[in-house]
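Line by line, the protein sequences are chains F and A. Using this note's numbering, read the first sequence as starting at 1 and increasing by one per residue. Using this note's numbering, read the second sequence as starting at 310 and increasing by one per residue.
Number of protein chains: 2
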Amino acid sequence: MDSIRVFAPATVANVACGFDIFGFAVDNPGDQVTLTISDEPGVRITDIIGDEGRLPREAARNTAGIAIQTYLKQINRTDLGLDVVLHKQMPLGSGLGSSAASAVAGVYAVNELLGRPLPVIKLLPFAMEGERIACGSAHADNVGPSLLGGFVVVRSYSPLDVIKIETSAKLYCTLVHPDIEVNTKDARFILKNEVSLKNTITQMGNVAGLIAGLMTPDYDLISRSLVDVIIEPVRSILIPEFNEAKQAALDNGALGCSISGSGPSMFALSRNVQTAEQVGAAMQQAFLSVGITSEAYVSQINRQGPKVI
Amino acid sequence: MDSIRVFAPATVANVACGFDIFGFAVDNPGDQVTLTISDEPGVRITDIIGDEGRLPREAARNTAGIAIQTYLKQINRTDLGLDVVLHKQMPLGSGLGSSAASAVAGVYAVNELLGRPLPVIKLLPFAMEGERIACGSAHADNVGPSLLGGFVVVRSYSPLDVIKIETSAKLYCTLVHPDIEVNTKDARFILKNEVSLKNTITQMGNVAGLIAGLMTPDYDLISRSLVDVIIEPVRSILIPEFNEAKQAALDNGALGCSISGSGPSMFALSRNVQTAEQVGAAMQQAFLSVGITSEAYVSQINRQGPKVI
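Structure follows, in C-alpha cells:
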C-alpha cells in the first residue's frame, strides 16, 4: 500500500455543561486526507481542496502536516516521503473541529499506512500538536472524540487523561453553522477568569448528570443536564439570534441545544432523525429571519472515529 | 404494628470533587429511631440516647422531629400521636451526616408505620427539612444518600433532582473522626465565593471521571478522579494533621482520601476490607502522633438506605 485516504469526523466540543472537558463526534460532516508515499523524504501538502485558499500549505504550519511530522519524528521515520492532500468538507473556523478532523485524519492515515506501529489512543498527542498550530493551545476536546469516536471526557491534561464514555444512547445531532465568523481566540478572550462557587456547583451537577444520563442511558436526564450556566451566557452574545435558534430547537423536540465549541455553530441532540431534521430546519429559519444563511448537518453520533475510505 | 425501629446510614457528602452535589452512604455507623404510636396527638421526643444531652428535645427543633412533623402535615395526619426515641450511634458535628441520618430514620419509620403511603423517593423533602433545622439550609447531599443508599448526585435544587448512580463497584469506606470540633457554618464561611475558571474545569473533569469510574466500574479512574482542587485546600486547614493523615491513607493503598462533608471527619475508599482497615489504622496513627484521639469505622458502601430492625 503506497496510498491511503482517511475520513475523520467533525466534533462538538464543550457539549453545553462540559467546557474544555467534553466532546463528541458526528458521522457528518468530516474531513478527508489522502497520503501518498513519495521517494523524496519529508512531508508536503500538495493540495488542499475546499478551503478557498485559506489554510497554510507549508506542512509545519498546517494542522495535518504538523501532526504527521510530529508522529514521524516520534517513531524515527523522518526519512519517509509523504504527499498530503486535504479534502476540507466542512466550514473553517466554524466551531465544528475542522482543524482537529484534519489532524486526526492525517495522523491516523500515516499510522495505518505504516501498518499501525502505534495503537490509536497513542496518536492523540500528535493530533494535539495540530491543534496547537491552529488554535494556540494543544487542547484535546476536539481531537479526542474525532480520534476515539463517541463521547469523550478530557479529565486532565497533566498527565493527559482522555476517557471514552461507554453509552448505548441513540442520539442524533443537528449542527447548524450560520454564515458569520467568530474567532476562537476572541471567543476565549471574552470569558471571565473567575466563576461563582454557586455556578461551579450547578455546572458540576450537570456534568455528573450528563455522564450518568449517557451511561444509563436516561434521555430525560441527558436533557435536564444539557445546561451551561458559565460559558453559554457569555459566548452566545457573539452569535446573533442564538436565543431564538436555541428556543426553536427546544420547541421542536431537541433534548438540548447549545454552542458547538467556541461557535458560531450550534448543536442540538435529538432522539430520532426526524426530530433532528425538524430541529435543523427550525434553527435555520431562526437565523434566516434576520437574513443569516446557514448550513445544517444531521447525523448520528459517530462511534468509530476515523476510517479508511 | 404500633411501634417500629429504623436504622439510617451515615453519609459522606462532597466526596472530594463533588462539593454540594455528591454523597454516599456507608453500612456503619448510622442512627436509629424508634417510633411508638400514642393516644395523645402530636410528635414528642421522649428520649435521646447517646447525645450527651446536646440535641434539642423539642420536636419542632429536632431534625427527626421536624422531619416527621412535616411529613404528617403533608399527608394530613397531624392527628397522629407519636413518641420518638433517638439512638445516636455516631458522633455529632462530625461531618458524617448525623443530623441527616436521624431525619431519614424518622421519616422512613413513620412512613413504614403507616403502611408506606408515599414511595421512598418522595420522603426526601421532609428529611431535608430536618437539615434546614440542623444546618440552616435544606441541603440534600447527606439525606439523599442516607435515604436512597449508594452514591447520589444532587443535580439541582430547583427543581429538586436527586439521581442515584448505578454502580457495581465494590468499595470499602474508612471513616476517621478526630476528636476535634469544626462548626459546619464556619466550614462554609471560610470558602471563597469565586473559583478560577481553571479550577472549575479541573473539578468538572474529576466529577465526570468519578461518575464514569463508578458506573463502568474503573477503579483506577475512580482513584484518579478523587481529587478536590476547590474545597479541600481551604477546609483542610481546619483539620490538624490533615495532610499527614491523607498521605498515610494513600500510602496504605486507599484509592482516594478527603474530608467527609465539612469535616473534621475524613473518608478514604479502598478496594477491600483489609486495605480499608489498614488505612484506618494509619490515619488514626497520624492524628495520634500529635496527640489527637479518633474513632475509625470501616464498612462497605451502603446500598439499601434505611432499614427496619
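Backbone N, C-alpha and C define an ideal beta-carbon position, used for all residues, glycine too.
So residue i contacts chain F; which residues on that side make the cut at Cβ distance below 8 Å?
| i | result |
| --- | --- |
| residue 501 of chain A | 197 |
What in chain A is Cβ-close to residue i, meaning under 7 Å?
| i | result |
| --- | --- |
| residue 311 of chain F | Beyond the ends of chain F as shown, which are 1 and 309, falls residue 311 of chain F; an answer cannot be given. |
| residue 206 of chain F | 464 |
| residue 209 of chain F | 462, 464 and 472 |
Exposed or buried, what is residue i when buried is set at 16 or more other beta-carbons lying within 10 Å of its beta-carbon?
| i | result |
| --- | --- |
| residue 146 of chain F | buried |
| residue 128 of chain F | buried |
| residue 431 of chain A | exposed |
| residue 291 of chain F | exposed |
| residue 576 of chain A | buried |
| residue 499 of chain A | exposed |
| residue 594 of chain A | exposed |
| residue 524 of chain A | buried |
| residue 34 of chain F | buried |
| residue 232 of chain F | buried |
| residue 150 of chain F | buried |
| residue 468 of chain A | exposed |
| residue 69 of chain F | buried |
| residue 479 of chain A | exposed |
| residue 14 of chain F | buried |
| residue 350 of chain A | exposed |
| residue 426 of chain A | exposed |
| residue 552 of chain A | exposed |
| residue 362 of chain A | exposed |
| residue 502 of chain A | exposed |
| residue 278 of chain F | buried |
| residue 514 of chain A | buried |
| residue 283 of chain F | buried |
Of all Cβ atoms in chain F, is any one closer than 7 Å to the Cβ of residue i?
| i | result |
| --- | --- |
| residue 409 of chain A | no |
| residue 524 of chain A | yes |
In chain F, which residues lie less than 7 Å from residue i when you measure between Cβ atoms?
| i | result |
| --- | --- |
| residue 470 of chain A | 224 |
| residue 344 of chain A | Result: empty, since nearest Cβ-Cβ is about 34 Å, beyond 7 Å. |
Provide the residue(s) that pair with residue i in DSSP beta bridges, ordered along the chain.
| i | result |
| --- | --- |
| residue 524 of chain A | Looking at the DSSP assignment, residue 524 of chain A forms no beta bridge with any residue, so it has no partner. |
| residue 437 of chain A | In the DSSP output, where bridge partners are listed per residue, residue 437 of chain A has none listed. |
| residue 22 of chain F | F:153 |
| residue 632 of chain A | Because chain A in this structure spans residues 310 to 618, residue 632 of chain A falls outside the shown range and cannot be described. |
| residue 275 of chain F | Its beta-bridge partners do not exist; DSSP assigns none. |
| residue 417 of chain A | Looking at the DSSP assignment, residue 417 of chain A forms no beta bridge with any residue, so it has no partner. |
| residue 164 of chain F | F:152 |
| residue 486 of chain A | A:604 |
| residue 189 of chain F | Paired residue(s): none; residue 189 of chain F is not in a bridge. |
| residue 88 of chain F | Answer is none; residue 88 of chain F lacks a bridge partner. |
Taking only beta-carbon positions, decide if residue i is within less than 7 Å of chain A.
| i | result |
| --- | --- |
| residue 4 of chain F | no |
| residue 115 of chain F | no |
| residue 256 of chain F | no |
So which residues on chain A does residue i lean against when the C-beta distance must stay under 9 Å?
| i | result |
| --- | --- |
| residue 166 of chain F | 521, 524 and 525 |
Name the chain C residues that come within less than 7 Å of residue i, Cβ to Cβ?
| i | result |
| --- | --- |
| residue 221 of chain F | Reference to chain C is not applicable here, since the protein chains of this structure are F and A. |
Can you check the region 359–391 of chain A for any alpha helix (DSSP H) of at least 4 residues that lies completely inside it and give the ranges in chain order? 372–383
Which runs of the beta strand (DSSP E) at least 3 residues long sit entirely within the region 533–591 of chain A? Give them in chain order. 565–568 and 575–579
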